[in-house]
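> Here's a structure for you.
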Amino acid sequence: MTSLIMYLLVGAVAGTLAGLFGIGGGTVIVPAVLFGLAAQGVAPDIAPHIAVATSLATIVFTSLSSIRSHHLLGAIQWPVVKLMAAGIVLGTAVGVLVSVKIPGDVLLLLIGSFMVLVSIQMFFGLQPKSTGKAPGSKELVGAGAVIGFGSSWFGIGGGIFAVPYLTWRSFQMRSAVAASAGCGLPIAVTGALTYIVSGWQASGLPAWSSGYVYWPAVAGIVVTSVPFAKVGARLAHSLDQKKLKRGFALLLLLVGIKFLFF
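Start counting the sequence shown at 35; every next residue gets the next number (our numbering).
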């Protein structure tokens, strides 16, 4: 019961931050689940894999709400999403199969490094300049494969990779964010299923797990993250986003450094 309450709180925080800053909840969920698993005594050699897999499983549910919102606004360019999804499915599956071979302590260092880089990007608002050239079909499939591969390692829906890529390739920010939302579902479904299958015989998994996906965390996070994302979206219109975003970036930096050095 205590762990469920903890993950309900994690979902509330992740949802609020996602709505407030437009970031993927996985950026918050992965480190939070890692801390939760450590408190439950889960072995550190498998905890990072569980955290990443569990985050992807939550995104299966939360991405549906995001896709619906963007679709109703007519913002999703579905031909682009379909081309990227073709690469995403392959890249995500391969990424999972590679990542499960990586020792937990090494994966934790990679997650820490990723969080440090994300914090720097958020703090300084770094975005690539547009090339003025739209991507072709083959490029979109290839980009999807790369985005899926990277997302599968860090338990994210791909927005951190997809939005900068699409804006670089001449998409308006609104269209890039909407397309990124559409790409989140194939990343999450493929990643979660592959983590379930690849971790089915893993030892040391906590009770109520399917492979590397830990369902009590999924349930707690999903229940609260969706409604609190709406709270975050409303707060975004009344608070100083620049200062809040920099504060959150510093928090991510500290967490990333902890994973790297402690």
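Backbone N, C-alpha and C fix where the C-beta goes; we use that ideal spot for every residue, glycine too. Please read all numbers here as calculations on a predicted model, not as lab measurements.
Along the alpha helix (DSSP H) that carries Val67, what are the first and last residues, could you check?
Gly60 to Ala73
> Can you find the residues in the same chain that come closer than 7 Å, C-beta to C-beta, to Phe95, ignoring five residues on each side of it along the sequence?
Val256
> Tell me whether Ala48 counts as near the ligand HEM, meaning its Cβ is closer than 7 Å to at least one heavy atom of that ligand.
In the structure shown, the ligand HEM is absent, as is every other ligand, since no ligand is present at all.
> Pro162: which of Ala210, Gly170 and Gly233 sits nearest, CA to CA?
Ala210
> In the DSSP assignment, find the unbroken alpha helix (DSSP H) run with Arg268 in it and report its ends.
Trp249 to Leu269
> Quick check: the segment 112–131 against the segment 169–189, are at least 3 beta-carbon pairs closer than 8 Å?
yes
> Name the DSSP bridge partner or partners of Ser244?
Val247
> To the nearest angstrom, how far is the alpha carbon of Phe148 from that of Asp274?
26 Å
> Can you tell me whether Ser103 is helix, strand or coil according to DSSP?
helix
> Buried or exposed, going by whether 16 or more other CB atoms sit within 10 Å of the CB of Pro113?
Classification for Pro113: exposed.
> What residue ranges within the segment 85–138 form continuous alpha helix (DSSP H) runs of no fewer than 4 residues, ordered along the chain?
Qualifying alpha helix (DSSP H) stretches, in chain order: 112–133.
> Using only the alpha-carbon positions, how far apart do Thr224 and Gly218 sit?
10 Å
> State the start and end residues of the unbroken alpha helix (DSSP H) segment that holds Arg208.
Unbroken alpha helix (DSSP H) run through Arg208: Met207 to Ser232.
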